[in-house]
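K.L.:
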Amino acid sequence: MTYEFTATGGTYTIEWPLSGGMPAWEMADWTDTLVRFMVMLREDDPRLLTDSNVLYDAMNAAYKLGQAGEALRDALIRTARRSVDGKPVMTFDEIGKALGVQRSTVKARHDRLEAGEQARYAHWLAGTLPDYGNLEPGYEWSADVLTLADPAGMYAMLLDDTSEAAAVAATKIRERLHDPATARTDWPVAAEINLIRAALPAEVLADPDADRAIELAARGLYVLRVLYPDPAETGRAGLIVGELERPEYRALATYHHAGGALAAIGVLVRQLTGVDASTGDILDAVAADMWSDAVYGNGRRSDSPYGHDERRSADLVQAHALALGLGRERAARLWSAVMGTTFDETTKAQMGATDPDIVVQAVAGADLHVLATPESTAAAMDLAIENLTSARFRPERHLGHVLAAAGIRSRSVPEILAWVDAHPDTRPVIDGAEQDLTVREMIGKALYFNAAFVRDHHYPETWRLDDQEQRERNAELQARLGSQLMAGEITATEAYRIAQAAARGEN
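So this note's numbering is basically just the index in the sequence shown, starting at one, shifted up by 56.
#1: Which whole-angstrom value describes the C-beta separation of Ala320 and Ala273, a residue pair presumed to lie in contact below a C-beta threshold of 8 Å?
#2: What does Phe505 pair with, by DSSP beta-bridge criteria?
#3: Helix, strand or coil for Ile441? Go by DSSP, reduced to three states.
#4: Going by alpha carbons, who is nearest to Ser446 out of Ala307, Leu105 and Gln491?
#5: Taking buried to mean at least 16 other C-beta atoms within 10 Å of its own C-beta, is Asn506 buried or exposed?
#6: Between the C-alpha atoms of Gly189 and Leu214, what's the straight-line distance to the nearest angstrom?
#7: Taking the beta carbon of Met346 as the centre, do at least 16 other beta carbons fall within 10 Å, making it buried, or is it exposed?
#8: Take Ala254 as the anchor and find which of Val110, Ala293, Met115 and Ala171 has the nearest alpha-carbon.
#9: Spatial neighbours of Leu90 within its chain, please: CB distance less than 8 Å, with the 5 preceding and 5 following residues excluded, ordered by chain position.
#10: Using DSSP's beta-bridge definition, name the partner residues of Ala405.
#11: What are the complete alpha helix (DSSP H) segments, minimum 4 residues, inside the segment 231-315?
#12: For Ile70, is the classification buried or exposed, using 16 other Cβ atoms within 10 angstroms of its Cβ as the cut-off for buried?
#13: Mind checking whether Ala551 and Leu537 have CB atoms under 8 Å apart?
#14: Who are the Cβ neighbours of Asp349 in its own chain at under 6 Å, not counting the five residues just before and after it?
#15: Alpha helix (DSSP H) containing Thr335: first to last residue?
#16: Is the separation between the beta-carbon of Ala333 and that of Ala393 shorter than 8 Å?
#17: So, helix, strand or coil for Thr569, using DSSP?
#18: My output table needs one value for Glu545: the three-state DSSP class, helix, strand or coil.
#19: Look at the alpha carbon of Ile143 and the alpha carbon of Arg448, and state the distance between them as a whole number of angstroms.
#20: Short check: CB of Gly421 to CB of Tyr352, under 8 Å?
#21: On the criterion of 16 or more Cβ atoms from any shown chain inside 10 Å, does Ala428 qualify as buried, or is it exposed?
#22: Within the chosen definition, does the segment 226-235 reach the segment 282-297 through at least 3 CB pairs nearer than 8 Å?
#23: Applying the 10 Å Cβ sphere with the 16-neighbour rule, what's the burial state of Gln417?
#24: Report yes if the CB atom of Val476 is closer than 8 Å to the CB atom of Arg496, and no otherwise.
#25: Go ahead and pull the three-state DSSP assignment for Ile70.
#26: Tell me the rounded alpha-carbon separation between Gly330 and Arg465.
#27: Compute the beta-carbon to beta-carbon distance between Leu444 and His454, rounded to the nearest angstrom, for a pair I have assumed lies under 8 Å.
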């Protein structure tokens with residue numbers, strides 16, 4: 057595995073064996089965040105005073121790195137006390153000197169470790185689940201997800217537990233969050249409210265209905281953060297599970313997730329400000345967008361006309377809007393805005409693109425705004441992993457079949473691409489028949505054909521944020537990388553690095 061750091065003085069790369077797993081990648085990512093903060097601090101970067109997200113990300117990275125440090129310290133102590141030829145590798149005095157603490161402190165910690173105590177991130181370091189995570193058959197899940205201290209962490213733990221009891225427990229969490237009746241319950245969304253408020257301008261926050269609209273948006277974001285967290289924040293994607301998507305194929309939410317929803321807030325503000333929309337319009341658009349991907353796993357409209365993902369998401373936002381007292385007319389508008397993100401397979405366009413409501417058009421436009429940004433190619437590779445493990449894209453789930461057959465349970469794009477690079481000529485076997493394309497070729501093909509979609513997509517008539525020149529650059533890069541991948545001229549990891557460099561504006 058490799059991780060590239062970019063700083064003002066240039067770029068450097070660290071490498072480690074694939075066996076380091078997700079913990080190694082996460083430590084590199086947290087360190088990268090803190091190095092960037094350190095550089096900004098030394099240069100007195102004005103963003104430290106104007107962008108609270110910079111501080112939040114650095115604080116979150118510092119916290120996680122600190123927790124990881126405690127787990128590593130414990131592992132060092134236990135390793136140093138292992139016996140070789142009847143003697144420990146290091147004495148308590150030597151360990152204390154190295155760690156900068158008293159001998160008695162080290163011994164006391166070692167005794168507690170031997171008695172079974174563990175650091176909070178001990179299982180993260182070992183790549184295992186806590187003992188309570190392996191649920192015994194017959195275990196009955198009774199906790200309400202809305203009362204859990206760490207609902208996202210608990211749900212992630214259940215996804216990585218292979219027992220039937222864990223699958224049942226995870227299903228209960230999804231059903232609770234996706235049940236319209238839950239709208240009448242109080243939701244613990246203070247953190248989500250703060251994230252959304254931080255992304256909105258003062259004039260929008262001053263709107264008389266801002267508090268209710270933001271709470272509505274925050275509930276949608278809460279669902280996303282539990283079920284489909286931002287891989288850039290957590291280091292792993294959520295799983296898409298529903299009537300169509302089966303958990304054994306591990307369809308990954310590498311493209312549709314909480315990070316994308318938060319990023320869309322600024323896009324919606326710019327778009328609607330540009331068409332002289334009201335602050336109420338902006339709040340409605342943000343609320344609808346937070347719910348537009350709340351339900352995944354049940355397919356497109358062609359799979360289920362009345363139970364497809366967008367319809368279920370629209371029903372949810374309507375139920376929550378009514379429960380919060382936003383009124384029937386406004387709830388109906390929000391329903392239409394979410395439904396407007398539905399992709400019509402016949403016309404190859406979104407339903408909301410031609411809606412007369414500027415909010416419905418804005419939400420549809422923001423849904424695919426990434427096509428016209430430098431992040432387009434990296435997003436296309438993330439989408440390729442999501443699509444190739446998903447029956448919503450192809451019933452065969454080609455990459456999902458391959459990974460399931462190989463026993464690969466990673467939820468990280470870099471790790472999956474590294475596995476593809478290690479097994480580039482692997483072909484999926486479906487119903488006993490070996491398929492034509494290798495895993496490397498199928499990712500290359502997905503990237504190559506996405507280039508045409510980038511070029512040809514039509515945004516809504518009122519959309520102001522298109523950039524045809526950027527789209528053309530994106531399409532050219534995707535076609536080139538796709539061709540090189542199919543020809544075996546570059547690895548999937550190299551293609552992803554190039555895509556990420558393009559997202560940073562480096563090529």
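Where a beta carbon is used, it is the ideal one built from N, C-alpha and C, also for glycine.
P.N.:
Per the coordinate set shown:
#1: Not a contact, Cβ separation roughly 11 Å.
#2: Phe505 pairs with nothing; no bridge assigned.
#3: In this structure, Ile441 counts as helix in the three-state DSSP scheme.
#4: Answer by Cα proximity: Ala307.
#5: Residue environment for Asn506: buried (at least 16 other C-beta atoms within 10 angstroms of its C-beta).
#6: In this prediction, Gly189 has a pLDDT of 48, which is less than 50 and means its spatial position is unreliable; nothing more can be read from the coordinates.
#7: The Cβ neighbour count for Met346, taken over all protein chains shown within 10 Å, is at least 16; the residue is labelled buried.
#8: Considering only alpha carbons, the answer is Val110.
#9: Taking Leu90 as the centre and dropping the five residues before and after it, the same chain places the C-beta of Ala114, Ala117, Ala118 and Leu121 closer than 8 Å to its C-beta, in chain order.
#10: Within the DSSP bridge table, the entry for Ala405 names Asp400 as partners.
#11: Inside the segment 231-315, DSSP marks whole alpha helix (DSSP H) runs of 4 or more residues at positions 246-255, 258-261, 266-283 and 287-290, from first to last along the chain.
#12: Ile70 comes out exposed.
#13: Closer than 8 Å, so yes.
#14: Here the set comprises His312.
#15: Counting along the chain, the alpha helix (DSSP H) containing Thr335 begins and ends at Thr335 to Trp347.
#16: Result no, Cβ atoms of Ala333 and Ala393 do not sit closer than 8 Å.
#17: Given that the chain is displayed from residue 57 to residue 563, the structure contains no residue 569 and the question cannot be resolved.
#18: It is coil, neither helix nor strand.
#19: A quick correction: the sequence has Lys, not Ile, at residue 143. Between the C-alpha atoms of Lys143 and Arg448 there is a straight-line separation of about 59 Å.
#20: No. Outside cutoff.
#21: Around the C-beta of Ala428, 16 or more other C-beta atoms lie within 10 Å, and the residue is accordingly described as buried.
#22: Here the segment 226-235 lies against the segment 282-297, with 3 or more beta-carbon pairs under 8 Å apart.
#23: Buried.
#24: Taking 8 Å as the Cβ cut-off, Val476 and Arg496 qualify as a contacting pair.
#25: For Ile70, the secondary structure class from DSSP, reduced to helix, strand or coil, is strand.
#26: So the alpha carbons of these two residues sit roughly 44 Å apart.
#27: Between His454 and Leu444 the Cβ distance is about 6 Å, and since that is below 8 Å, they are a contact.
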